[in-house]
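**Student:** Take this structure, written in structure tokens, and hold onto it; I'll ask about it next.
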């Protein structure tokens with residue numbers, strides 16, 4: 001082997017040795033890179049097979065029901081004609097069984113009760129609880145003392161009046177109206193009007209009292225409608 005060839009082989013071997021050493025050093029210094037930390041990623045769930053776009057689920061609506069119209073309460077049953085025997089008006093502490101019959105006086109007007117504590121019912125009208133208007137009257141005062149209807153004018157709408165009757169039944173009424181009228185303007189047509197339902201009118205004296213004539217110049221009139229009837 002000639003000298004130039006030997007020199008070429010020696011040079012090539014030296015270069016290969018240097019390259020191998022460089023690779024070994026590089027491996028010792030760097031080593032294998034540590035894996036990057038894995039950060040969890042919240043991904044939206046994949047849509048179900050066959051669906052290209054996720055479908056939003058909405059709660060189903062309950063069909064709206066048409067409200068059932070409320071039935072109006074039935075009117076209390078009217079009672080047969082039967083004379084009143086007792087009246088109670090809790091709002092003014094009236095509780096009396098002193099009923100007497102009232103007819104017409106010489107002037108054609110309803111006669112006044114004859115005694116201080118009498119509760120009169122007009123026999124020319126219906127009995128309280130029967131279809132139509134029943135009329136009950138009593139004094140407001142007697143010889144300066146309080147009489148049964150002394151506080152009749154203080155009743156309010158809704159106050160109740162209960163009338164017990166000779167046949168064992170009773171009817172309860174609720175006040176709907178109260179007015180005071182001069183005696184020469186008494187509302188005859190409003191009091192003695194026809195009615196298919198049981199109604200009650202209570203009457204007493206009111207207004208100014210003339211001490212010389214011993215006479216009130218007005219009447220207090222209370223109207224009431226039946227709210228219940230029963231057998232007692």
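In the numbering used here, the protein residues as written are 1 to 232. Ideal Cβ positions, reconstructed from N, Cα and C, are used throughout, including at glycine.
Which whole runs of the beta strand (DSSP E) in the region 175-232 are 3 residues long or more, in chain order?
**Tutor:** DSSP runs (the beta strand (DSSP E)) wholly in the region 175-232: 198-210, 215-230.
**Student:** In or out: residue 82 buried (at least 16 other Cβ within 10 Å) or exposed?
**Tutor:** Translated into the one-based positions of the chain shown, residue 82 becomes position 82. With 16 or more Cβ atoms within 10 Å of its Cβ, residue 82 is classed as buried.
**Student:** Assuming residue 100 is part of the beta strand (DSSP E), what are its boundary residues?
**Tutor:** Locating residue 100 in the chain shown gives position 100, counting from the first residue. Looking at the DSSP string, the run of the beta strand (DSSP E) that includes residue 100 is 99-102.
**Student:** Output needed for residue 192: all residues of its chain with C-beta closer than 7 Å, excluding positions within five of it in sequence on either side, in chain order.
**Tutor:** Here residue 192 corresponds to residue number 192 of the chain shown, with the count starting at 1. Cβ neighbours of residue 192 beyond the five flanking positions: 125, 133.
**Student:** Excluding the 5 residues flanking residue 86 on each side, which residues of the same chain have their C-beta closer than 6 Å to its C-beta?
**Tutor:** For the purposes of this step, residue 86 is taken as residue 86 along the chain shown, with counting starting at 1. These residues qualify, in order along the chain: 97, 164.
**Student:** Which class does residue 131 belong to by DSSP, given the choice of helix, strand or coil?
**Tutor:** Position 131 of the chain shown, counted from the first residue, corresponds to residue 131. If DSSP states are grouped into helix, strand and coil, residue 131 belongs with coil.
**Student:** Assign residue 218 to one of two classes, buried (16 or more other C-beta atoms within 10 Å of its C-beta) or exposed (fewer than that).
**Tutor:** As a first step, residue 218 is located in the chain shown; it is residue number 218 there, counting from the start. So residue 218 counts as buried.
**Student:** Counting Cβ pairs, one atom from each stretch, are 3 or more of them under 8 Å apart for the region 107-124 and the region 147-154?
**Tutor:** Taking 8 Å as the limit for Cβ pairs, the verdict is that the region 147-154 does touch the region 107-124.
**Student:** Report all residues from its chain with a CB closer than 6 Å to the CB of residue 77; omit the five preceding and five following residues, and keep chain order.
**Tutor:** For this step, residue 77 is matched to residue 77 along the chain shown. Correct list, in chain order: 229.
**Student:** Given a cut-off of 9 Å on the beta-carbon distance, is the pair residue 159 and residue 175 in contact?
**Tutor:** The residue given as residue 159 occupies position 159 in the chain shown. The residue given as residue 175 occupies position 175 in the chain shown. For residue 159 and residue 175, yes; Cβs fall inside 9 Å.
**Student:** Anyone know if the C-beta pair for residue 202 and residue 136 falls short of 9 Å?
**Tutor:** Within the chain shown, residue 202 is the residue found at index 202, counting from 1. Within the chain shown, residue 136 is the residue found at index 136, counting from 1. Result yes, Cβ atoms of residue 202 and residue 136 sit closer than 9 Å.
**Student:** Which word fits residue 103, buried or exposed, when buried means at least 16 other C-beta atoms lie within 10 angstroms of its C-beta?
**Tutor:** Taking the first residue of the chain shown as position 1, residue 103 is located at position 103. So residue 103 counts as exposed.
**Student:** Looking only at its chain, what residues have a beta carbon closer than 6 Å to the beta carbon of residue 226, apart from the 5 residues adjacent to it on each side?
**Tutor:** Here the question's residue 226 lines up with position 226 in the chain shown. So the list reads 76, 171, 173, 198, once near-sequence residues are dropped.
**Student:** CB residue 144 to CB residue 204, shorter than 9 Å?
**Tutor:** As a working note, residue 144 is residue 144 in the chain shown. As a working note, residue 204 is residue 204 in the chain shown. No; because the gap between Cβ atoms is not below 9 Å, this pair is not in contact.
**Student:** DSSP state of residue 116, grouped into three classes?
**Tutor:** Here residue 116 is taken as the residue at index 116 of the chain shown, counted from 1. DSSP places residue 116 in coil when its eight states are reduced to three.
**Student:** Closest to residue 214 by C-alpha separation, out of 223, 142, 194, 184, would be which residue?
**Tutor:** By one-based count along the chain shown, residue 214 stands at place 214. Cα-wise, what sits closest to residue 214 is 142.
**Student:** Just mark residue 220 as buried or exposed, buried being the case when its beta carbon has 16 or more other beta carbons within 10 Å.
**Tutor:** Position 220 of the chain shown, counted from the first residue, corresponds to residue 220. Classification of residue 220: buried, given that the 10 Å Cβ count is 16 or more.
**Student:** If you count every other CB in all the chains shown that lies within 10 Å of the CB of residue 224, and 16 or more means buried, which is it?
**Tutor:** Along the chain shown, one-based indexing puts residue 224 at 224. Answer is buried; the Cβ neighbour count reaches 16.
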